[in-house]
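Peer 1: Residue numbers (the numbering used here): 958 to 1100. Sharing a structure with you now.
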């Protein structure tokens, strides 16, 4: 039962902006969850923000006035560069500004859904593992 509560806590903290993966992993690891489980559950919660952003982006595009404006944003002169280098931007900026902001900005600038989801998932896994390793090293140092 304790594991389920920790998993739900990790998913919840990982999902919400400002908590995201960087607070979720240390919190559940200090509470007793293993690093692998902390990365898994917090990563699932954090990644869930990407489909949420994509869903609501599509809903906003159904409003005629917003659709025209969003299409102008999406079909800009930098679209080729966004498709080419956008994945690297996602990998580097997710750690700084968070997955919510990165997903919203990259999608509105024209990055494809598939590429955004793939690079966000890789970024979340990478930074989750690094966060868990750092937390575990800190916990081991204090013991």
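Note that CB positions come from ideal geometry on N, CA and C, so glycine has one too. Note that this is a predicted model, so its numbers are computed, not measured.
Here's the rule I'm using: 16 or more other beta-carbon atoms within 10 Å means buried, otherwise exposed. How should residue 983 be labelled?
Peer 2: Counting Cβ neighbours within 10 Å, residue 983 comes out buried, since at least 16 surround it.
Peer 1: How many angstroms separate the CA atom of residue 1045 from the CA atom of residue 1069?
Peer 2: Cα to Cα, residue 1045 sits roughly 14 Å from residue 1069.
Peer 1: Between the region 964–974 and the region 1027–1042, do at least 3 Cβ pairs fall closer than 8 Å?
Peer 2: Segments in contact, no.
Peer 1: In whole angstroms, what is the alpha-carbon distance linking residue 966 and residue 1039?
Peer 2: Whole-angstrom Cα-Cα distance: 35 Å.
Peer 1: Are the CB atoms of residue 1092 and residue 1104 within a distance shorter than 8 Å?
Peer 2: With the chain covering 958 to 1100 only, the question about residue 1104 has no answer from this structure.
Peer 1: What is the DSSP secondary structure of residue 1091, reduced to helix, strand or coil?
Peer 2: It is helical.
Peer 1: Suppose the cutoff is 6 Å on Cβ atoms and the five residues either side in sequence are ignored; what does the same chain contact list for residue 1041 look like?
Peer 2: For residue 1041, where only same-chain residues beyond five positions count, there are no Cβ hits under 6 Å.
Peer 1: Quick check: what's the CA-CA separation for residue 1089 versus residue 1079?
Peer 2: Cα to Cα, the separation comes out at about 15 Å.
Peer 1: When DSSP labels each residue in this structure, what does residue 1067 get in the three-state scheme?
Peer 2: In the structure shown, residue 1067 sits in coil (DSSP, three-state: anything other than H, G, I, E or B).
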